[in-house]
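These notes concern the structure reproduced below.
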Amino acid sequence: MIKVKQIIPSDSVAVSSGVTLGGQAAEVVAWPLNPDGDPLTLVASIDCSKIKGDTKKSSMPSEGVLYVFSTYSKSDYFLENITYSGDPSELNSILSGYTLVVLGGGGVFKTSPVDSIPEMATELKDKQIEDNDFPVFSMISDLAPHGMIVPEVLILDYDFICQLYSADFSEPFKDIFYLSDAVGYLFLKKDGSGEGLFFVQTG
């Protein structure tokens, strides 16, 4: 049995778990572009100080906000650019900027130049899952979930932090990871620098 924190979208603006889905502004020097020159879409913001107590991982910075970005298109195929299951060429694609994790703090907010996912607050709920369950919901966990392919190259330097489930996002972005049942995974460097990787896997 594994204890996790389920990330549940909430309509209440009073809720402030530390995880926000979507949004149109981020604390970045310039709005990030992927290698094709297309602006990335802000997928989620994570307030490190609020989430620090929900994970035992020292890789989570004590302060600042982690902004998770991904390539998205309503019309073009992009899944292969954001998928990573162990192939070095896939990792190169991720590292080249088709997804991006940025630690913001003390800077100026920039507004997305493209249509944004409607911002949605979330609440965290304690949940237990069986070791062999394949969790199809957004969650924070100290262990990578069953069914996920964890490339060995990550294990040495990175910690698994959370997963985001495509169908948890607001309409019309339930295909934010191309498929409504796709899952995005956030890993952070163990050194606590806030440097991270975000990628998608599909069943």
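For the record, in the sequence shown the residue sitting at position 125 is 1569 according to my numbering, with numbers rising by one throughout.
Every residue gets a Cβ at the ideal spot worked out from N, C-alpha and C, and that includes glycine.
Being a predicted model, the structure only gives us computed values, none of them experimental.
For the region 1562-1601, the continuous beta strand (DSSP E) assignments of 3+ residues that do not extend past its boundaries occur at 1564-1573, in sequence order.
For the alpha helix (DSSP H) assignment, the uninterrupted runs of no fewer than 4 residues enclosed by the region 1505-1532 are, from N- to C-terminal side, 1523-1526. The alpha helix (DSSP H) runs lying completely inside the region 1531-1555 and spanning 4 residues or more are 1532-1537, given in chain order. The residue from D1625, Y1609, P1479, A1626 with its alpha-carbon nearest to that of S1540 is P1479. According to the DSSP assignment, I1495 belongs to the alpha helix (DSSP H) that extends over 1492-1495.
In this chain, the beta strand (DSSP E) harbouring S1454 covers 1446-1454. Around the C-beta of N1525, 16 or more other C-beta atoms lie within 10 Å, and the residue is accordingly described as buried. Within 10 angstroms of the beta-carbon of T1646 lie fewer than 16 other beta-carbons, which makes it exposed.
If the five residues before and after V1594 are omitted, its C-beta is found closer than 6 Å to the C-beta atoms of A1588, all from its own chain and listed in chain order. Residue pairing of A1470 in beta bridges, as defined by DSSP: K1554. Under DSSP, S1489 shares a beta bridge with T1464, Y1511. Per DSSP, K1633 is one residue of the beta strand (DSSP E) stretching across 1627-1633. Bounds of any beta strand (DSSP E) do not take in L1484, whose DSSP letter is neither H nor E.
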